[in-house]
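Residue numbers (the working numbering): 315 to 934.
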């Protein structure tokens, strides 16, 4: 049997029906073998980065394994941005790279390169994969493939890379001589009965509880168990960005997304809670803000995660956590439901009422946004969420387009959301849509991207057209890097070096580019056009490109500045108003901007907070 045929058959047996591959001298045997193997096919992206991102999204959509193939040297290194998307988001992807022939490997010679395009991709990728290996003996191919796939899927999932020399790929081999991999038994971490009892006791005592759900729910296949837990607990819910599709937007317990780009009402809910139960969320600085000590500082905190290192980092970096539980989300949720089924808990109707008041007071899409003549991004996202149907699929790029969507989109039952949330790599959205389209048999997909992000993988429009993929590409076009501009507003007095056209950027006429690829186009410039145009777009079959022109002045609101608590986002509210919303004591950082007049105008509840904090009231 030919060596490369063996590899192709192995990939097929993993349930992979599409491998994303760009051919080259060191990978052509692998791709040729896949082309001749029934049940699996290859897809040719225009760039290896896009291929890696497509394989990543393919794995997310199927819940299985993704696969991308590249040749040696620049082909392999071009995968890296996609690899880190898989690494940080815990996505199991098998990356296969071709390598120069074994007799051209430099080994320990001390030189930089012997074989043409020889590159030590294994060493480069070792810190960003769960396992990376160069096959140095053809008899080890079965062992290394089986080991890599096992590691990719076990525990906290992640990417793996197998680097295969060209001379091995061409060999005829005796399969009976291949060494098998036998994994050591793994004891999956489980919560103790004592931990479950402690959690139940805290839930019984809480007056202002909140449940936070994160990506670990999806990774652990815990969706059904979580729904049971949600129904049993009956407490307000906050979601991290990767699982905003976990519950429909009109769910009575759902508050929304939180963090440095979260909504005001979500962050007020979080920061005023007295108990926080966190399942499968890393609580990185984008979610928790900085410093860590200010996160939910008035709450008892329970954090559940399958990765012990993620738990240990929290106290290490200053967050006080009362119970750390190293466990799979599915197992923990199931055991907690069984424990608290008949638990008598406090009446928290007043807490739910307060949250409802915050949601009414601080809507995501403000009424004045709808009065604007030109397209307002919040109005656009709100209208889009009304037009899209249950079960529709949405991929996102990064920057303001990501933040506006995560803040304002109201998910319907069965809709799915895909984005690389820990890396937020520019250019992810379109390749992800391509990967998911193949994964789910050409279902229609909506891709929201920005002008800067689209430029990173613009060439993949060719892939969309080549396969006539039913992808609706919605370009939020503000002719610059608006998220970067917002940071420059905060720290650099609005000096926009490298983030605007005047600051050095260049953009094509995207409509003409799309038309050159043969994709129908629509342009939206006014709020009044959004609903009608989107309904026409969603009546079209096949690919379509929508250019949504918005002002460069639009910003993400609110946004939390570094070193401020997440309840205090910019633009800052008047201190009197801010303090009226606080049940938990404010931080010193939130008080230093208050004027004497603001202190004089504060209501009694705000003044009581200040007295409790032993802060001397100032008079005008």
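From the three backbone atoms N, C-alpha and C, an ideal C-beta is built for every residue, glycine too.
Values in this document were obtained by computation on a predicted structure and should not be read as measured data.
Within the segment 619-646, the runs of alpha helix (DSSP H) that reach at least 4 residues and sit entirely inside it are, in chain order, 622-630.
Listed in chain order, the beta strand (DSSP E) runs fully inside the segment 787-825 amount to none, counting runs of at least 3 residues. Shown here for residue 848: same chain residues with a beta carbon closer than 7 Å to its own, the five before and five after excluded, namely 697, 698 and 701 in chain order.
Measuring C-alpha to C-alpha distances from residue 789 to each of 393, 763 and 803 identifies 763 as the nearest. Around the CB of residue 353, fewer than 16 other CB atoms lie within 10 Å, so the residue is classed as exposed.
Taking the Cα of residue 393 as reference, the smallest distance to any Cα among 368, 415 and 404 is reached at 368. DSSP places residue 335 in the uninterrupted beta strand (DSSP E) bounded by 332-335. With fewer than 16 other Cβ atoms inside 10 Å of its own Cβ, residue 809 counts as exposed. Secondary structure of residue 761 (DSSP, three-state): strand. In the three-state scheme derived from DSSP, where H, G and I count as helix and E and B as strand, residue 843 is classed as helix. Within the segment 433-495, the complete alpha helix (DSSP H) runs of at least 4 residues fall at 435-439, 455-467 and 480-483. Looking at the DSSP output, residue 409 shares a beta bridge with 382 and 475. The continuous beta strand (DSSP E) containing residue 571 extends over residues 568-571.
Inclusion of residue 862 and residue 791 in the CB contact set at 8 Å is warranted, their separation being smaller than that value.
In the three-state scheme derived from DSSP, where H, G and I count as helix and E and B as strand, residue 652 is classed as helix.
A direct Cα-Cα distance of roughly 19 Å separates residue 724 from residue 846.
As the crow flies, the alpha-carbon of residue 517 is around 24 Å from that of residue 673.
Residue range 691-701 is occupied by the alpha helix (DSSP H) that includes residue 691. For the pair of segments examined, the segment 468-475 was found to touch the segment 442-454: the number of CB pairs separated by less than 8 Å reaches three.
With respect to the 8 Å criterion, residue 575 and residue 799 are not classified as neighbours on the basis of their beta carbons. Of the residues 404, 596 and 462, the one whose Cα lies closest to the Cα of residue 324 is 462. Checking the DSSP bridge columns, you'll see residue 730 partnered with 707. Three or more pairs of CB atoms, one per stretch, sit closer than 8 Å, so the segment 863-873 contacts the segment 882-902. Here the alpha carbons of residue 435 and residue 422 stand approximately 15 Å from one another. Spatial neighbours of residue 500 in its own chain (CB-CB distance under 8 Å, excluding positions within 5 residues in sequence) are listed in chain order as 468 and 469.
Judged by beta-carbon spacing, residue 466 lies within the 8 Å limit of residue 408, meaning their Cβ atoms are closer than that value. In the DSSP assignment, residue 581 falls within the unbroken alpha helix (DSSP H) covering 578-585. Checking the DSSP bridge columns, you'll see residue 863 partnered with 791.
Annotation for residue 683: no beta strand (DSSP E) segment contains it, though the alpha helix (DSSP H) segment containing it runs 681-684. Between residue 709 and residue 893, the alpha-carbon positions lie close to 38 Å from each other. Taking C-alpha positions only, residue 660 is separated from residue 703 by approximately 38 Å. Bounds of the alpha helix (DSSP H) holding residue 511 are 507-519. In this structure, residue 569 places its C-beta atom within 8 Å of the C-beta atom of residue 583. In terms of Cβ geometry, residue 796 and residue 712 do not form a close pair [threshold 8 Å].
Under a 10 Å Cβ-count criterion, residue 656 is classified as exposed, with fewer than 16 other Cβ atoms of the shown protein chains found around its own Cβ. Taking C-alpha positions only, residue 405 is separated from residue 361 by approximately 20 Å.
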